[in-house]
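Worksheet: one structure, shown below.
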Amino acid sequence: MSIRHWRTWVLIIFLISTALLKLSLSDPDSHLCRKKLLMREKVRRMFYHAYDNYMKYAFPHDELKPLTKSFTDSLSELGNLRLEHLPQNYKGSALTLIESLSSLLILGNNTEFERAVSWLSENLTFDVDARVNLFECNIRVLGGLVSAHMLAIDSRNRFTPGTYKNELLTLAEDLGQRFLPAFSTPTGLPYAWINLKYGVMANETTETSTSGSGSLILEMGALSKLTGNPQYEAAAFRALRKLWSLRSSLNLLGTTLDVVTGKWIEHSSGIGAGVDSFYEYLVKAYILFGKEEYWRMFQSAYVAVQKYFRHGPWYHEADMRTGHATYWQLTSLQAFWPGVQVLVGDIAAANSSHREFFKVWERFGVLPERYLLDHQMLHPTEKYYPLRPELAESTFYLYQATKDPWYLEVGESITDSLNLHTKVKGGFASVRDVSTMVLEDHQHSFFLAETCKYLYLLYDDSFLVDRNYIFTTEGHPLPVLSAWHDKFPEEYTLANNTFIQRASKVRRASAMSLQVCPAMTASTSRQAYQKLESACHVADARIDYRCLTDEDCGVDATSCRRRSCSIAGFCGLWLFV
Ligand code: DMJ
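Letter 486 of the sequence shown, counting from 1, is numbered 501 in our numbering, and no numbers are missing.
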């Protein structure tokens, strides 16, 4: 080959590779891939900034005070608004470390996970004179331990063989035993408070909340399955059944009640504080344990929520006896609801609410604890944002269900706001007032258990491959195992993928509509429910939630309105957005 020819070939190769490079840069898939890589690193840095500072300045105490680089033994303070009966000698239970266990594994840090497990195995004790909130201790501590135990024994997590001897399960069982005295009430509803060393204290308050007494079943049920001791599951199940039996004729529950008399104290309720995880645990318990009864309760409760609380994309509160609206308020905790709706396949409703929450996030930079919808203003005393995860959580579920890259942008915006407004040298601080962005000296453990975890999973969901998980209300993953099912729905046992992905692939319509739509063929036992509500649902014509025209979109199950196809190719009730 002459020199001239050789040069020509070099030029041709150069031109082709430049063209290929350009093509790959403009290729939306590779753009998405790069974005995910960048974002997962950003979230990883965020997690470790919170974690390392906790380990440096607060461990083994419960939570980090990031402004003063000190600690708080807050397990005994959680839910204790008036800070009554605080213990004298309680030195913390490494709460943030327990809450970080599953996140460490999801971020792929097996070494730190193993180190943490070994420290907890040798040092953690629950034989402490501390009065704790049963619900908070259940979701954070018991849930953290049970989940980490299940991850530790999962062959895929490569725990150094022979080093783990079920120590986390032993700790979890010890804690579970300490919970049991709380359930010794005439109703079976547990006391909201228990002293870990001495049981229920004399003259203990008999007031509890719906979420406090009705969302214990995932953790206590899992503990029973793992230990073979049915006491934990039985206690939580009995309480849940009792609570459900106290619902009104409208299938609504209040927010607080008395564990001795079973009488309601606060009749107004919604999907936010004091109630939220009750709904979440009904559907998740059904997925985890396969018991039809959970599904039946959830189905009736869900329909009642959509009927009495929903107003367009918003959810207000209503009186359980009359169904009349009481408070028109958006609360930060409500932002978990679209995630639950994704689990039951109600994607359009989930999307429209999620968008509204995100608009509020964009307006303030974070989500205020309470916003008065009727006055369009912040609640005068609840202007704070304690690093809550709920919006990130729903964003994660919606991205899993739709793969719409818009949710990745939402995640990016949440991440950037957190870094901009709440990151300080000593960790991440809560916001005391979203209108001034003045900070509070507190890094809540759920920031590591949930906020960082859901943001990370948006950009790297490799943890979910080949396993089905249910995330507890505190973001701790529990594997869905057919062995735990009383009756496992067949379509899920075949799944190799996550539960959510499988559900969206298998079913033409949402899981809810299969239950409530009379037009569908179903077993005799289900036909009874189908007569109850919503004769209007028409399933989407396509199975992947992507549409080309409005004709591909059916009729919404709860509002009976025709759905239309968005520019991005998703069916929904776009009038609201
Ligand atoms: C978490 O502790 C749990 O998600 C709980 O159910 C309510 N919300 C907080 C975080 O906001």
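All C-beta atoms, glycine included, are put in the ideal place defined by N, C-alpha and C.
{"Item": "Residue 21 to residue 30 span [Cα, whole Å]", "Value": "14 angstroms"}
{"Item": "Rounded separation between residue 346 and residue 175 - CA only", "Value": "44 angstroms"}
{"Item": "4 or more residues per run - each alpha helix (DSSP H) lying fully within the region 236-264", "Value": "246-260"}
{"Item": "Residue of 412, 51, 287, 424 minimising C-alpha distance to residue 385", "Value": "287"}
{"Item": "Euclidean distance between Cα positions of residue 63 and residue 197", "Value": "37 angstroms"}
{"Item": "Distance cut-off 7 angstroms: residue 78 Cβ against heavy atoms of ligand 1", "Value": "no"}
{"Item": "Between the CA atoms of residue 96 and residue 401 - distance to the nearest angstrom", "Value": "15 angstroms"}
{"Item": "Closest residue to residue 381 among 65, 297, 373 (Cα-Cα distance)", "Value": "373"}
{"Item": "Bounding residues of the alpha helix (DSSP H) (the contiguous stretch that carries residue 113)", "Value": "110-121"}
{"Item": "Near ligand 1: residue 353 beta-carbon under 7 angstroms from a heavy atom", "Value": "no"}
{"Item": "Minimum C-alpha distance to residue 244 - residue among 157, 47, 192", "Value": "192"}
{"Item": "Candidates 87, 406, 375, of which the one nearest residue 391 by Cα", "Value": "375"}
{"Item": "Whole-angstrom distance between residue 56 and residue 33, CA atom to CA atom", "Value": "28 angstroms"}
{"Item": "Three-pair Cβ contact test at 8 angstroms for the region 162-177 versus the region 99-110", "Value": "no"}
{"Item": "Meets three-Cβ-pair contact criterion under 8 angstroms: the region 143-161 and the region 481-495", "Value": "yes"}
{"Item": "Residue range of the beta strand (DSSP E) that includes residue 208", "Value": "208-210"}
{"Item": "Same chain, Cβ closer than 8 angstroms to residue 388, five either side skipped, listed in chain order", "Value": "329, 331, 343, 344, 345"}
{"Item": "The region 460-475 contacting the region 424-437, beta-carbon criterion three pairs below 8 angstroms", "Value": "yes"}
{"Item": "Buried versus exposed call for residue 25 [16 or more other C-beta atoms within 10 Å across all chains shown]", "Value": "exposed"}
{"Item": "Cβ-heavy atom distance, residue 175 to ligand 2, below 7 angstroms", "Value": "Inclusion of ligand 2 in the displayed structure is not the case, the ligand content consisting of ligand 1 alone."}
{"Item": "Nearest-angstrom beta carbon gap, residue 50 and residue 456 [assumed within contact, 8 angstroms]", "Value": "Contact flag wrong, Cβ pair sits at about 34 angstroms."}
{"Item": "Cβ-Cβ separation, residue 442 to residue 148 (assumed contact under 8 angstroms), whole Å", "Value": "Residue 148 to residue 442, Cβ: 24 angstroms. No contact."}
{"Item": "Element boundaries [beta strand (DSSP E), containing residue 79]", "Value": "78-80"}
{"Item": "Exposure of residue 520, with buried meaning 16 or more beta-carbon neighbours within 10 Å", "Value": "Any reading at residue 520 must be qualified, since the residue scores a pLDDT of 37, below 50, and its modelled position is unreliable; the value itself is stated next. So residue 520 counts as exposed."}
{"Item": "Helix, strand or coil at residue 90 according to DSSP, with G and I counted as helix", "Value": "helix"}
{"Item": "Any non-hydrogen atom of ligand 1 closer than 7 angstroms to residue 292 Cβ", "Value": "yes"}
{"Item": "Contact check, residue 445 vs residue 436, beta carbons under 8 angstroms", "Value": "no"}
{"Item": "Segments assigned alpha helix (DSSP H), at least 4 residues, entirely inside the region 292-356", "Value": "307-323"}
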